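Asker:
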Ligand code: SAM
């Protein structure tokens with residue numbers, strides 16, 4: 072029988088943030104594949120877990136996944152952990168998971184801490200729909216594309232950023248965000264945990280004195296959504312006149328009203344021929 076690949080989430084700061092199931096799995100598997108074995112050893116020592124470790128990181132992903140897959144095929148259960156949080160989320164994991172699926176190996180996720188989810192839920196910004204963009208690219212063209220996407224997105228945006236690059240990122244964002252809300256979440260689950268819910272200009276004034284790991288939660292662009300909501304508060308006649316004043320034809324207006332109100336266009340058509 073083939074072994075199981077467990078994807079185990081570990082704490083993002085506070086060592087108490089690990090599940091009982093995660094501890095049991097780490098004790099039961101034959102091997103733990105870790106992004107940084109020294110970092111994982113601290114966690115294992117804290118929980119008195121003694122297990123062979125093998126390094127699995129960005130620069131050896133290719134070779135190491137083949138070694139790990141062979142072991143899995145020979146029936147060994149393996150736990151994959153990253154330095155902090157959930158493997159595969161801006162951390163190694165994707166590569167071996169894709170290959171293991173192709174080989175018919177069972178993948179079992181062991182849920183736990185993930186920095187972006189905790190930053191989002193405490194931010195006070197909409198959680199219904201969001202886009203996680205990870206780290207902004209450093210390549211100028213790709214970065215501009217992403218910034219453009221952020222500017223247009225009506226969904227909440229979540230960004231990871233390295234502390235030493237945060238100032239530049241805030242400067243780039245300030246150019247496109249206008250009055251949108253931004254929350255900087257810092258040092259989650261640690262002693263200096265902090266949420267800065269201020270104007271981006273104010274965050275920029277403080278940034279030189281901020282240390283530790285940081286995440287940005289950016290409110291979605293509400294301008295288009297707001298116009299749509301405002302229009303739907305009008306009577307059908309007022310709604311009609313709004314588009315008429317823009318110079319649209321009757322047929323086009325009916326189509327637009329139906330789309331705004333999410334109803335069948337015949338319904339709107341019938342209203343106007345009465
Ligand atoms: N896999 C991790 C997860 O599940 O969130 C993310 C790893 S990624 C390499 C590291 C980035 O996550 C940091 O640059 C920071 O943006 C964010 N991060 C990780 N831990 C954090 C914490 N305790 N507080 C704030 N941000 C954190």
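Numbering (the numbering used here), first residue to last: 72 to 345.
Don't be surprised by glycine CBs; every beta carbon is placed ideally from N, CA and C.
Since we're looking at a predicted model, the values are computed, not measured.
Going by DSSP, which residues form a beta bridge with residue 267?
Answerer: 255
Asker: Verify the contact flag: residue 374, CB atom, against every heavy atom of ligand 1, threshold strictly below 8 angstroms.
Answerer: Given that the chain is displayed from residue 72 to residue 345, the structure contains no residue 374 and the question cannot be resolved.
Asker: Among all residues, which have a Cβ less than 5 angstroms from at least one non-hydrogen atom of ligand 1, and in what chain order do they fall?
Answerer: After applying the 5 angstroms Cβ criterion, the set is 83, 84, 156, 157, 160, 161, 162, 185, 186, 231, 259, 284 and 286.
Asker: Would you call residue 251 buried or exposed, if buried means 16 or more other Cβ atoms sit within 10 Å of its Cβ?
Answerer: buried
Asker: Counting pairs of Cβ atoms below 8 angstroms between the region 180-194 and the region 73-83, do you hit three or more?
Answerer: The region 180-194 vs the region 73-83: in contact.
Asker: On the premise that residue 281 lies in contact with residue 84, defined as a C-beta separation below 8 angstroms, what is that separation, rounded to the nearest angstrom?
Answerer: Actually they do not touch by this definition, with Cβ atoms about 16 angstroms apart.
Asker: Inspect the beta-carbon positions of residue 247 and residue 204 and report whether they are closer than 9 angstroms.
Answerer: no
Asker: On the three-state DSSP scale, how would you describe residue 284?
Answerer: If DSSP states are grouped into helix, strand and coil, residue 284 belongs with coil.
Asker: Kindly list the residues whose CB is nearer than 7 angstroms to the CB of residue 243, restricted to its own chain and excluding five residues on each side of it in sequence; keep chain order.
Answerer: Answer for residue 243: 218, listed in chain order.
Asker: Do the region 269-279 and the region 190-203 meet, that is, are 3 or more Cβ pairs less than 8 angstroms apart?
Answerer: no
Asker: Would you say the region 84-104 touches the region 169-178, given that touching needs at least three Cβ pairs under 8 angstroms?
Answerer: The region 84-104 is not in contact with the region 169-178.
Asker: If we count the other Cβ atoms within 10 Å of its Cβ and call it buried at 16 or more, is residue 192 buried or exposed?
Answerer: exposed
Asker: How about residue 178 and residue 201: do their beta carbons lie closer than 9 angstroms?
Answerer: no
Asker: Helix, strand or coil for residue 90? Go by DSSP, reduced to three states.
Answerer: Three-state DSSP puts residue 90 in coil, outside helix and strand.
Asker: For residue 314, report the span of its beta strand (DSSP E) as first-last.
Answerer: Note, residue 314: premise wrong, no beta strand (DSSP E); alpha helix (DSSP H) at 307-315.
Asker: Buried or exposed: which applies to residue 309, given that a residue is buried once 16 or more other Cβ atoms fall within 10 Å of its Cβ?
Answerer: exposed
Asker: Any idea which residues DSSP pairs residue 232 with across the strands?
Answerer: 285
Asker: Count the other CB atoms, across all protein chains shown, that sit within 10 Å of the CB of residue 318; report buried if there are 16 or more and exposed otherwise.
Answerer: exposed
Asker: Please return the same chain residues whose Cβ sits closer than 6 angstroms to the Cβ of residue 380, not counting the five positions on each side in sequence.
Answerer: Any question about residue 380 goes unanswered here, given that the chain covers just 72 to 345.
Asker: Could you give the C-beta distance for residue 187 and residue 237, rounded to a whole number, given that I count them as a contact under 8 angstroms?
Answerer: 15 angstroms between Cβ atoms; not a contact.
Asker: To the nearest angstrom, how far is it from the Cα of residue 249 to the Cα of residue 222?
Answerer: Spanning the two alpha carbons is a distance of roughly 9 angstroms.
Asker: Near residue 303, which residues of its chain fall below 7 angstroms by C-beta distance, leaving aside the five closest residues on each side in sequence?
Answerer: 331 and 332
Asker: Taking all protein chains shown into account, decide if residue 123 is buried (16 or more other Cβ within 10 angstroms of its Cβ) or exposed.
Answerer: Around the beta carbon of residue 123, fewer than 16 other beta carbons sit within 10 angstroms, so the residue counts as exposed.
Asker: Would DSSP call residue 190 helix, strand or coil?
Answerer: helix
Asker: Going by DSSP in three states, residue 121 sits in which element: helix, strand or coil?
Answerer: In the structure shown, residue 121 adopts coil according to DSSP, grouped into three states.
Asker: Terminal residues of the continuous beta strand (DSSP E) containing residue 81?
Answerer: Taken as a continuous stretch (DSSP letters only), residue 81 belongs to no beta strand (DSSP E), as it is neither H nor E.
Asker: Under DSSP, the beta strand (DSSP E) around residue 184 begins and ends at which residues?
Answerer: Counting along the chain, residue 184 falls outside any beta strand (DSSP E), and DSSP gives it neither H nor E.
Asker: Residues in the same chain with beta-carbon distance under 7 angstroms from residue 117, minus the five sequence neighbours each way, listed in chain order, please.
Answerer: 86
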